[in-house]
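For reference, the structure discussed in these notes is given below.
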Amino acid sequence: MKQTLLSVNLKGIRGVHAVMLLAFLSLFMSFGASAQTGATAAFPIAYYGKWSTLPSAPNSTVPGWSQTGLSGDPFNTNLGSSTAPNATSTGVANFTNAGAVLQVDFATSADKLSFLYNTKNTGTFNGEFIVEESSTINGVYTTVGTPIVSITGGTYSSSSQSVTLPLKPGTRSVRFRLKSITGSNPVYVDRINISPNLNATTIDSFTPGSGSVGDEVVVTGKNIPEISALVFFNSAGEMLGADDVVVNPDPTKPTGTVISGKVPVDAVTGKIGIIDENYEIIALSSSDFYIAPDITSISPKIGAVGDKIKVFGTNLTNINFIRINGFNAIHKVIDGVLTATVPADANPGVGSLIISTLGGIDSETFTVDNNPLPVELVNFNATPTSLGAKLSWQTASEENNAYFEVQSTNNLKSGDFQTLGRVETQNSNSNTLLSYDFLDTKTAKGTTVYYRLKQVDTDGTFEYSKVVSVNIKQGAKGQGLVNVFPNPFKQQVNIEVEAEKAGALVATLYDATGQKVFAKSISVEAGVNAKTLDLPSNLRSGLYFLTTQVDGTTKTTRLIKE
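Okay, so the sequence shown: first residue is 1 according to full-length UniProt numbering, each after it adds one.
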C-alpha cells in the first residue's frame, strides 16, 4: 500500500497515514528531542565469548559495555562461546555505591531484557535500583517500567529475583543504575539477557549514496511501518524529517520494504533513520549518506602563496581534495574551521577555490595575489587572561612599515571588523625579529572574539593578517563549564572542567560509528580543573565524540583526529 506524506515542511518532519495524519503532525510540531549521529555499537549485545584475557573491574572495555562505580565485573572467566543475540552474561555486577552504572549498547532492535538480581547477603537494602533505556547511546534515558528495587526496611536473602522487561521499539542502549543506597548491603545483577526483535525495522541499503538538499533518496529495508518517517540529522545531531516522504512508493515491491524522501535543508553527512509515530528511532543505516558541500564564505578572498584560507559552510568533511586556482592545496581543520593553504604553484589572479568531497563539489571565487607582503609576519596569537585578551605577534622583516591596526569582530561571517587601537612599528625597515603585543580589556566574557591586524605602509597601502580568536570563559561557579582543546587533536586533549564539588570526571571517547574506543575516570576538585587526557596512539584520523560526565551532567564534544 503506497502512502504519500503531505508536502508541509514542519522543519522537514511530516505526517503519514490519512487517519492519523493530524495527530501525527501535531505531535511532530512539539518534537524537540535530539539523537547522536551514528551512535550505535555492534553486536554481540549480551556478552562476548571466549576471551582469553578479560579486563578487570571496574574499568571493563569489552565492546558494547561500559560501567562506572561497580565493585564486580560481569565479564568473568565463566564466559562460554555463545554470541548475541540471545546470549547471557555469567559474571556478577556488584552495585555497592550510589551512582554505579552498567550500560549495554547495541545496534539491532531488541525486544525484551531479562536478568536476575538479589542482595546475596541476608540484610536490609534501603534504596532504589532502576533499569533505563534509550534510543541513542548516551542520549536521553527513561525508566523501564517501575523501579526494579525500591525498598525501605526490606529484608532479602540470597535467593535471586527474576525480572523480564519489554523494551521500546528502537531501543539501542540499556543501563542498570543504583540511584540511592543506605547501608552496605549491595545489589547484585546476574544472567543479563537481551532478546532481539525478530520483527524489527531495518535499513538494508539506500540509493544514491550521496546527494544535495532536495535530492530524493530511496531506502530499502524490512518491516517499515506504514506510519513512519524518514529522518536525517543536522550538525547538532537533531533529527530532520525528510521532505515528500512516501512509504511503499513502488507497488511492485513487497509492502514494508521501501521508503523514500528528499534530503532536507540543514542535513549533514551521516546516518539515515526511520522513526515511528512516537518519534522513536526504529532503524538507523549502517553507513553514512554523504551530502554535497555548501561553501557559504571564505576568508580572506584574496591571498598570496602560503596564506591560510578559512572555508565556512556545511558538509565540509570527507574531503577528496581542495584546489586553489588550479592546484591542490594542503588543508586541515584548525580551531574547528576548515583551512586551506594557497599552494606555491597556484595561478595568480582571479580563479576559484574548489572543494570535492564524497558528497559532491562546490566552489567559491578566489584571487591569488602575486605581490609579496612588505611585512613578514611569523606568528599572531590571542590568549585569554584575567584582564582580557592578550594579542601578541612577531615580524621577521619589515619594509616601509608604518603601524599596525588591531581590529576585532564578534561575527566573523559578517566581516564587520572594528578598530580597537594602533601599535606603531618599532623599525620601519628591519631584518631582525621584532615582537609586539596589545591588551584588549573590553572583551566580553563568555563570547568568542575574532581579531586581525591591518598592517599599514608609509605610503598608505595595507594588508590584513590571518584571523585569530579567543574566548574568555564566564567562570561562574556551578555553571558546568567543559572546554576541550585542541580540536583537531593528535594524541592528547586538554579538558577544562568546572565542578560543583570534588569527585570524578568520566571521559568516554566514541568513534563515528558509536563504538567506544576509550574511557577514563579522572579525579577533580571543586572549581575549575585543567586535565590532560592521553588518548590511544592507534586512533585513526577522523570524527570522534568525547562525552564528559561530572556532577550528574553529561556533555558531548565533536572532535577531529588529525
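For glycine and all other residues, C-beta sits at the position ideal for the given N, C-alpha and C. Here the structure is a predicted model, which is why all the values come from computation and not from measurement.
- Collapsing the DSSP output to three states places Lys445 in coil.
- For Leu412, the secondary structure class from DSSP, reduced to helix, strand or coil, is helix.
- Using a 10 angstroms sphere on the CB of Leu433, the tally of other CB atoms stays under 16, which defines it as exposed.
- Taking the Cα of Thr395 as reference, the smallest distance to any Cα among Ala530, Gly326, Arg191 and Val378 is reached at Val378.
- Under the DSSP assignment, Phe438 falls in the beta strand (DSSP E) whose first and last residues are Leu434 to Asp440.
- Here Phe321 is exposed. Its C-beta has fewer than 16 other C-beta atoms within 10 Å.
- Thr395: member of the beta strand (DSSP E) spanning Gly388 to Glu398, first to last residue.
- Under the three-state reduction of DSSP, Gln549 is assigned to strand.
- Contact between Gln407 and Lys454 is confirmed by a C-beta separation of about 6 Å, below the 8 Å threshold.
- Looking at the DSSP output, Asp276 bridges to Ser228.
- Looking at the DSSP output, Asp511 bridges to Tyr544.
- When only Cα atoms are considered, Gly351 and Leu509 end up about 41 Å apart.
- Between Pro293 and Asn278, the C-beta spacing is not below 8 Å.
- Closest option to Leu543, judged by alpha-carbon separation, among Lys555, Ser195, Ile194 and Thr513: Thr513.
- With respect to the C-alpha of Arg323, the residue from Ile361, Gly313 and Lys516 having the closest C-alpha is Ile361.
- DSSP, read as helix, strand or coil, puts Glu424 in strand.
- Look at Arg172 here: in three-state DSSP terms it is coil, with no helix or strand label.
- Within 10 angstroms of the beta-carbon of Ser285 lie 16 or more other beta-carbons, which makes it buried.
- By the 16-neighbour rule on beta-carbons within 10 angstroms, Arg172 is buried.
- Between Thr201 and Ile274, the gap from beta carbon to beta carbon is short of 8 Å.
- Leaving aside the five residues that flank Thr532 on each side, the residues in its chain whose CB is nearer than 7 Å to its CB run, in chain order, Gln492 and Asn494.
- In this structure, the beta-carbon distance from Gly127 to Ser212 does not fall below 8 Å.
- If you check the CB distance, Leu165 and Asp111 do not come in under 8 Å.
- A direct Cα-Cα distance of roughly 36 Å separates Phe176 from Glu562.
- Each of Asn234, Thr296, Ser260 and Gly214 was checked against the Cα of Val268, and the nearest Cα belongs to Asn234.
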